[in-house]
Every structure is written in structure tokens, then in C-alpha cells.
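Colleague: If you scroll down you'll find the structure; I have some questions about it.
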Amino acid sequence: MFSLGSSHRFYLYDAHCDMRKSFDGLCGLVISVMQRQPTSGEVFVFLNRSRTHIKLLHWERGSFVLYYKRLEQGTFGRSTLKKGELSWSDLVLMIEGIQIVSSIQKKRYSLP
Numbered sequence: 001m002f003s004l005g006s007s008h009r010f011y012l013y014d015a016h017c018d019m020r021k022s023f024d025g026l027c028g029l030v031i032s033v034m035q036r037q038p039t040s041g042e043v044f045v046f047l048n049r050s051r052t053h054i055k056l057l058h059w060e061r062g063s064f065v066l067y068y069k070r071l072e073q074g075t076f077g078r079s080t081l082k083k084g085e086l087s088w089s090d091l092v093l094m095i096e097g098i099q100i101v102s103s104i105q106k107k108r109y110s111l112p
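Here full-length UniProt numbering is used: the first residue of the sequence shown is 1, the next is one more, and so on.
Here it is as C-alpha cells:
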């Protein structure tokens with residue numbers, strides 16, 4: 001079951017990742033490169049060089065969970081990062097392949 005949501009914190013690994021890495025290899029990257037603890041409950045996001053594969057590593061109730069998605073066409077988009085941290089909405093847009101080119105926020109007026 002996919003048990004991730006907006007209550008989690010998501011961190012994107014800055015460099016490309018070798019997708020042959022599994023739990024231990026990804027935990028090593030989290031500790032040595034990202035300077036974070038893999039058992040913290042945060043979700044760590046890894047992309048390969050060509051941005052066609054994505055892995056999410058998450059510690060949940062005493063065990064690791066690894067989510068893996070491979071695209072047959074296209075690539076995962078780039079996201080706007082805040083210190084390597086992704087928002088839930090950015091992650092969902094990236095995984096679903098939706099790229100926002102520009103957005104306009106209109107003022108809302110309330111009636112008296």
C-alpha cells in the first residue's frame with residue numbers, strides 16, 4: 001500500500017543515482033552525502049542520470065519501504081528545490097509527469 005502523504009518530508013538526492021542500489025546502498029547515500037538519517041521517517045527521492053527511473057526510500061514502522069517507478073517514454077521533470085526538499089505537490093507532479101510552465105495567481109475578492 002502506498003502510505004506516503006503531505007505529512008511527510010521529502011528530500012531529493014542532488015546527483016544522479018545508480019538504480020542498481022537497493023536499501024543498503026541508498027541508506028549509505030543518505031548518511032554520507034545527504035547528511036541525514038534514513039530511519040528518521042523522511043522520504044528520500046533518487047533519480048537516475050537520464051531521469052527515467054525514480055526510487056523513494058522510506059522508513060516505516062520498523063522496516064524500510066522502497067518505491068520504484070520506471071518510465072517507458074519521457075522523463076521525470078525537474079522541480080523547484082528548497083534546500084533539497086520537495087513538497088508533496090512537487091513530488092506528485094514529478095511522478096505524474098506534469099510540468100508547470102507558468103502560473104498566474106488571481107486575486108480573490110470577497111463580497112461584503
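Beta carbons: idealized from backbone N, C-alpha and C, even for Gly.
Could you pull the start and end residues of the beta strand (DSSP E) that Val45 belongs to?
Modeller: Val43 to Leu47 is the span of the beta strand (DSSP E), which, as asked, contains Val45.
Colleague: Apart from the five residues on each side of it in sequence, which residues of its chain come closer than 6 Å, Cβ to Cβ, to His53?
Modeller: Cβ within range, chain order: Met19 and Arg70.
Colleague: Output the distance between the C-alpha atoms of Ser89 and Arg61, rounded to the nearest integer angstrom.
Modeller: Cα-Cα distance, rounded: 24 Å.
Colleague: Spatial neighbours of residue 119 within its chain, please: CB distance less than 7 Å, with the 5 preceding and 5 following residues excluded, ordered by chain position.
Modeller: Past the edges of the chain, shown from 1 to 112, lies residue 119, and the structure says nothing about it.
Colleague: Among Ser6, Ser3 and Phe23, which has the Cα closest to the Cα of Leu66?
Modeller: Leu66 has its Cα closest to that of Phe23, out of Ser6, Ser3 and Phe23.
Colleague: Is the CB-CB distance between Leu91 and Val45 below 8 Å?
Modeller: Against a cut-off of 8 Å, the Cβ pair of Val45 and Leu91 comes out as a contact.
Colleague: So, Glu42 versus His8, is the Cβ gap smaller than 8 Å?
Modeller: A contact, by the Cβ cut-off of 8 Å.
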